[in-house]
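Peer 1:
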Amino acid sequence: MSPLIKRFTWGLILFQLIFWTLVPWVSHHAPPLDATEMYGWSLSWEWGFYKHPPMPTWIVAVVQAIVGKNMLSLFLCGSISIAATYYAVAWLANQFLGEKEAIVALFLYALTIYCHLWSTDFNHNQIQMPFWALSLVFLYATLEKKSFSVAFLMGVVMGLNALSKYTAAFIVPCALLLIVFSKAWRQQFNWQLLVFASIGFLLVFGPHLWWLTQHDFMPFHYVSERFNELDQSSSNLASLADYLGNAFLAHLFLWIAAIYCCVKWRISDLHMSQINPSAAKILKDQQFLIFLGLGPFLLSCIVGFWVPLYYRWVTPMLPMVTIVIVYFLRGRLVHLFQKKFLIIFILIQFILGAVYIGKSTINKNSNRGNYPAPEIAQKVLESWQILYPHAPLRIVAGGEWEAGFVSLFNPGKIYVFTQADYQLAPWVLPSQVRNCGMAMITPSPKELNQFPKAQLQPPIVIPKNNLYSEVRIPWAVLAPEGQCD
């Protein structure tokens, strides 16, 4: 990348890391649902979990090892994911666009909703964003350089992509279609590259495949359950329409910018690059942009005719969409490379930040952000210490969110025992539960029946204040029977 692109890219990365970490941090009293779930899983290093592969939990564990166990760390994980995506998008833009147009494409990507309002609840969709973009980076570099070492790295990155979410598989058929239908790209391919890429992929993803065989392929059962839930709530066509509509709205600023530039500047006003690539180069670029920039998303839409789709699943699939639009509107969006539009970009970001903070103030139920999670966590610990003054609280059972924030806001390592189910939380052993006991947050009848020695406690009551309404939490304790290390 040129020095100019690097300066703008690093400036954008720094802005993302600071602004979109602080905005949710100052506006949340409780952590978001998915991020809390990632935290609960991160307490044990595993090769998989009952819903998903493990990548985001590893990121949470590493970040918290550096900055500590707190809510800030969860928002920082999201900002790091987006920031890393920016660098990959900038690299890709540099391959297809002129210097100024590449910067415009990058900043338009930063205005997609995935990079601001939806960037604060760290989950599998979000952590896949950088690895998806990097997979395209290394795929392009592998075919361009015909390098075995780069092919191996591509396999490694694809493995990390798949460890983020299985939808990484959508890249593979699109890459194969590119090679099959494009003579230019087919000439760049050889089977040795595929072998080295496969080795890299299996070295990274292989342990998770083994984990799946040892855990009854649990994530696929979860996916099946999710499809059934979505199928019951709406038809496939309705969910596909919702999927497409949300993808369109997520890139609203891109469409506004494209329409504005097409209306504002005539063909005679276009600033075309001084470099005139050959027709073969143009065709080759267009093929990559269509097959890999749009192909995975279009393929997912085709799948949507047979299975229901959830609108957030598109989040990582379109890192090249702004590059595609800027490329096919060459000479138009380059006009946005002006100081006044940079100021507008910054103003939009601050407005979005204010909207994010304001929505939690206006809507008391927004993003669970106003829930008295720290107060509940403190009450649970205080009550436990009164009941068992010589036994530390080491296990908390319940839903991912409630049990998760009780663990997050209390000192020490407190394992989250998901729904008090050993299958869902295999890192918690029966011997640990027997020796250490546990707090059970909002226990279900099934959970209480599973642990008949558990004793219901007076509900935890958090009085109403100007931030949240009164909250009453039923809970129970299972007394420790041994030495808890």
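Just so we're aligned: the sequence shown equals residues 1432 to 1916 in the working numbering. Each residue gets a CB set at the ideal place from its N, CA and C atoms; glycine is no exception. Predicted, not measured: the structure shown is a model, and the values here were computed from it.
1) For ALA1628, which residues in the same chain have their Cβ closer than 6 Å to its Cβ, ignoring the five residues on either side in sequence?
2) So, does the stretch 1866-1877 touch the stretch 1903-1915, judging by three or more C-beta pairs under 8 Å?
3) Report, in whole angstroms, the separation of the C-beta atoms of CYS1546 and ILE1513, which I expect to be a contact under 8 Å.
4) Determine the direct distance from the alpha carbon of TYR1802 to that of SER1475, and round the result to whole angstroms.
5) Taking the alpha-carbon positions, what's the ILE1904 to TRP1832 distance?
6) Helix, strand or coil for GLY1829, going by three-state DSSP, please let me know.
7) Taking the continuous beta strand (DSSP E) assigned at ARG1903, which residues delimit it?
8) Is DSSP giving LEU1528 helix, strand or coil here?
9) At the level of alpha carbons, what is the spacing between GLN1447 and PHE1553?
10) Spell out a yes or no on whether the stretch 1744-1760 and the stretch 1715-1728 are touching, meaning 3 or more CB-CB pairs, one atom from each, closer than 8 Å.
11) So, is PHE1781 buried or exposed, given that buried needs 16 or more other C-beta atoms within 10 angstroms?
12) Count Cβ pairs between the stretch 1440-1459 and the stretch 1528-1542 that sit closer than 8 Å; are there 3 or more?
13) State the CB to CB distance for the pair ALA1851 and PHE1882, rounded to an integer number of angstroms; the pair is presumed to be in contact (CB under 8 Å).
14) May I have the straight-line CA-CA distance separating GLY1509 from ILE1558, to the nearest angstrom?
15) Can at least three beta-carbon pairs, one atom from the stretch 1648-1655 and one from the stretch 1751-1770, be found at a separation below 8 Å?
16) Spell out the partners DSSP gives THR1849 in its beta bridges.
17) Nearest CA to the CA of GLN1618: which residue from ILE1610, LEU1624, LEU1625?
18) Quick one: is ARG1763 buried, meaning 16 or more other Cβ sit within 10 Å of its Cβ, or exposed?
19) Between PRO1739 and PHE1658, how many whole angstroms is the CB-CB distance? I'm expecting something under 8 Å.
20) May I have a chain-ordered list of the alpha helix (DSSP H) segments no shorter than 4 residues that lie completely inside the stretch 1493-1569?
21) Spatial neighbours of TYR1742 within its chain, please: C-beta separation below 7 Å, excluding the five flanking residues on both sides.
22) Cβ atoms of GLY1843 and THR1873: under 8 Å apart, would you say?
23) Near ALA1999, which residues of its chain fall below 8 Å by C-beta distance, leaving aside the five closest residues on each side in sequence?
24) Helix, strand or coil, according to DSSP, for ALA1461 in the structure here?
25) Would you kindly work out how many angstroms separate the C-alpha atoms of GLU1660 and HIS1555, rounded to a whole number?
26) Can you give me the C-alpha to C-alpha distance between LYS1884 and ALA1822, rounded to a whole angstrom?
Peer 2: Reading it off the structure:
1) Leaving aside the five residues that flank ALA1628 on each side, the residues in its chain whose CB is nearer than 6 Å to its CB run, in chain order, ALA1582, MET1585, GLY1586.
2) Contact between the stretch 1866-1877 and the stretch 1903-1915 is established, with three or more Cβ pairs separated by less than 8 Å.
3) 5 Å between Cβ atoms; contact.
4) Spanning the two alpha carbons is a distance of roughly 26 Å.
5) Roughly 13 Å between the two C-alpha positions.
6) The three-state secondary structure of GLY1829, taken from DSSP, is strand.
7) According to the DSSP assignment, ARG1903 belongs to the beta strand (DSSP E) that extends over 1902-1909.
8) Coil at LEU1528, not helix or strand.
9) Roughly 14 Å between the two C-alpha positions.
10) The stretch 1744-1760, when compared against the stretch 1715-1728, does touch it at the 8 Å Cβ threshold.
11) Exposed: under 16 other Cβ atoms inside 10 Å.
12) The answer is yes - the stretch 1528-1542 touches the stretch 1440-1459, with three or more Cβ pairs under 8 Å.
13) About 7 Å separates the CB atoms of ALA1851 and PHE1882; that is less than 8 Å, so the two are in contact.
14) The straight-line gap separating the alpha-carbon atoms of GLY1509 and ILE1558 is approximately 7 Å.
15) They do not touch, by the three-pair rule.
16) Looking at the DSSP output, THR1849 shares a beta bridge with GLY1829.
17) The shortest C-alpha separation from GLN1618 is found at ILE1610.
18) ARG1763 comes out buried.
19) PRO1739 to PHE1658, Cβ: 6 Å. Contact.
20) The alpha helix (DSSP H) runs of length 4 or more contained entirely in the stretch 1493-1569 are, from start to end of the chain, 1502-1527, 1530-1540.
21) Apart from the 5 residues on each side of it in sequence, TYR1742 sits with its Cβ closer than 7 Å to the Cβ of ASP1673, TYR1674, ASN1677 in its chain, given in chain order.
22) Not in contact: THR1873 and GLY1843 (Cβ atoms no closer than 8 Å).
23) This structure cannot speak to residue 1999, because the chain is shown only from 1432 to 1916.
24) Coil, per DSSP.
25) Near 19 Å, if we compare the C-alpha coordinates of HIS1555 and GLU1660.
26) LYS1884 and ALA1822: Cα-Cα distance of roughly 17 Å.
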